[in-house]
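Residue numbers (the working numbering): 45 to 547.
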């Protein structure tokens, strides 16, 4: 399809025909209300890819009407704006009723790419705001916008972000900041906590309605199963296992894996205090609010299982007794996580075929990283460039890009001997292997310091760094010499950066 033909199939803002399938549920599931919007909105950034995904011509991004709609000032035709109710466990403790405290679901769009719901985050107070202002700030909005698109480019299931629209509206956090709205795009925004809410209130009719909605809208294949609700739980368990395996393989830390932040569709949901691993530490806490270290990098697989057990408890009125629903989780989550993680790590290490001892080799690799603390992303990217065999007299020079990351170079040398011996067990040509490794090991991830530079410039109304970062992060596996600076280690000033639940 050539470009003119492609764009003829993309519509104008006026052509977007919204419906809201979630609004077909009874009123108890949500509150209908219009977003509060922003005064004198300005465009901070927009994703042309997401515009095309929802059937919108990217040329429409520059129109004033685009800013008005995605700031929440104007409702598009067919929109039935609402805020959904849900509950959840936060930091391992039952928090009771929560809900969309600063998000408004505009509605959904259907096209050849699927079903897409659009949600405005930061568009004002709702009945679920619990005393908060319902606003998002420019800082957190830029982080979510960039990370949503970065994760998609890494091949990780995620909500997407169409745009960030800002305004000179003061919002009080730790200090006074300016307001912004992110337009989030996903097939759906139903959470683990959406089910927990009805189960906690003993409302089995609503619980069944919600499960039927998810099955009929997103997972119709579950309907053919003998126990459709157990099939849905199995699907969620498998997708969650694969999702967290993908997080771990790129060094991503979500930072706040509460059950209300877990997607029933297996998407990365709610970007707050996230981080990408730099100097490797499996116990790293990326969320300054996480005093107990519940959401460290190493804990993510265990927390995923714990959250699924909470979901399984909510499914008991639908799917069966506690033993059955726990067995569904156990039979699907662990195998999905472990199998997918080993597969991803074999690809990162350049192993052509899996062998029985690979789990031990992968464990040993992480032990080396923990002891030596090289930068996670740079380590695997540099490894992707090394040959499978090397002359002894040239080894130090050939391996220098990797060895120079280590204080103890002899430890690196010993591991490389083991790595090359493993490569020799399932050999393939260096050129093909190295290309495959580069396709599995990104050069560019959204480091906190990169986001901070973009945020600081944006606070001065310079949005160029948001645009440049977005362009770079769309192609994380390519060399991109023009963006080489984005692959650098964090500068000294970045050591004091902290992100918290307000980020």
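The beta carbon of each residue, even a glycine, is placed where N, CA and C say it ideally should be.
Whether residue i touches residue j by CB criterion (8 Å)
i, j, result
"residue 145", "residue 125", "no"
"residue 111", "residue 209", "yes"
"residue 332", "residue 542", "yes"
"residue 44", "residue 300", "Residue 44 lies beyond the range of the chain shown here (45 to 547); nothing can be said about it."
"residue 206", "residue 137", "no"
"residue 128", "residue 74", "yes"
"residue 488", "residue 527", "yes"
"residue 388", "residue 289", "yes"
"residue 189", "residue 122", "no"
"residue 3", "residue 166", "Examination of residue 3 is not possible in this model, given that the chain is present from 45 through 547 alone."
"residue 394", "residue 481", "yes"
"residue 372", "residue 356", "yes"
"residue 509", "residue 538", "no"
"residue 164", "residue 79", "yes"
"residue 223", "residue 179", "yes"
"residue 221", "residue 183", "yes"
"residue 303", "residue 133", "yes"
"residue 462", "residue 396", "no"
"residue 160", "residue 264", "no"
"residue 142", "residue 237", "yes"
"residue 367", "residue 282", "no"
"residue 319", "residue 327", "no"
"residue 239", "residue 359", "yes"
"residue 446", "residue 361", "no"
"residue 67", "residue 211", "no"
CA-to-CA distance, residue j to residue i, given in whole angstroms
i, j, result
"residue 421", "residue 382", "21 Å"
"residue 451", "residue 411", "15 Å"
"residue 148", "residue 401", "50 Å"
"residue 257", "residue 477", "45 Å"
"residue 429", "residue 485", "11 Å"
"residue 427", "residue 390", "13 Å"
"residue 547", "residue 216", "Because the pLDDT at residue 547 is just 47, under 50, the model does not fix this residue reliably, and the point stays unresolved."
"residue 219", "residue 181", "11 Å"
"residue 474", "residue 464", "12 Å"
"residue 213", "residue 117", "14 Å"
"residue 364", "residue 275", "12 Å"
"residue 454", "residue 468", "21 Å"
"residue 77", "residue 492", "35 Å"
"residue 168", "residue 456", "52 Å"
"residue 392", "residue 286", "16 Å"
"residue 349", "residue 535", "36 Å"
"residue 432", "residue 413", "20 Å"
"residue 525", "residue 515", "13 Å"
"residue 269", "residue 202", "27 Å"
"residue 241", "residue 234", "12 Å"
"residue 611", "residue 434", "There is no way to answer for residue 611, as the model of the chain reaches only from 45 to 547."
"residue 352", "residue 70", "26 Å"
"residue 314", "residue 404", "34 Å"
"residue 339", "residue 192", "20 Å"
Nonlocal neighbours in the same chain, by C-beta distance under 6 Å from residue i, ignoring five residues either side
i, result
"residue 46", "For residue 46, the predicted model reports a pLDDT of 45, less than 50, meaning its position is unreliable and no value from the coordinates is stated."
"residue 25", "Here the chain comprises residues numbered 45 to 547, so residue 25 is not present and cannot be evaluated."
"residue 8", "One cannot answer for residue 8 here, as it falls past the ends of the chain, which runs 45 to 547."
Same chain, Cβ closer than 8 Å to residue i, neighbours up to 5 away in sequence not counted
i, result
"residue 533", "322, 419, 422"
"residue 529", "none"
"residue 291", "200, 297, 298, 312, 344"
"residue 511", "89"
"residue 57", "100, 104, 107, 109, 110, 113, 120"
"residue 520", "194, 197, 198, 486, 487, 488, 489"
"residue 271", "363, 364"
"residue 92", "102, 105"
Cross-strand partners of residue i (DSSP beta bridge)
i, result
"residue 165", "147, 226"
"residue 415", "Residue 415 is not bridged to any residue."
"residue 75", "127"
"residue 154", "159"
"residue 134", "137"
"residue 323", "419"
"residue 554", "It is not possible to answer for residue 554, since the shown part of the chain is limited to 45 through 547."
"residue 63", "152"
Close beta carbons around residue i, own chain, < 7 Å, minus the five adjacent residues each side
i, result
"residue 51", "Because the pLDDT of residue 51 is 45, which lies under 50, any placement of that residue in the model is unreliable, and the number read from its coordinates should be weighed accordingly. Around residue 51: 101."
"residue 54", "96, 99, 100, 101"
"residue 278", "372, 376"
"residue 244", "131"
"residue 531", "487, 488"
"residue 494", "513, 530"
"residue 466", "395, 405"
Taking only runs of the beta strand (DSSP E) that begin and end inside the region 173 to 257, which ones reach a length of at least 3 residues, in chain order?
204 to 216, 220 to 230
Quick one: which unbroken alpha helix (DSSP H) runs of 4-plus residues sit fully inside the region 259 to 310? Chain order, please.
Scanning the region 259 to 310 for uninterrupted alpha helix (DSSP H) segments of 4 residues or longer gives 272 to 294, listed from N- to C-terminal end.
Please give the ranges of any alpha helix (DSSP H) in the region 349 to 401, keeping only runs that are unbroken, at least 4 residues long and fully inside the region.
366 to 393
At what residue ranges does the region 74 to 110 contain a whole run of the beta strand (DSSP E), taking only runs of 3 or more?
74 to 76, 86 to 90
Which residue spans inside the region 439 to 523 form an unbroken alpha helix (DSSP H) run of at least 4?
439 to 442, 444 to 447, 453 to 469, 474 to 484, 492 to 503, 508 to 517
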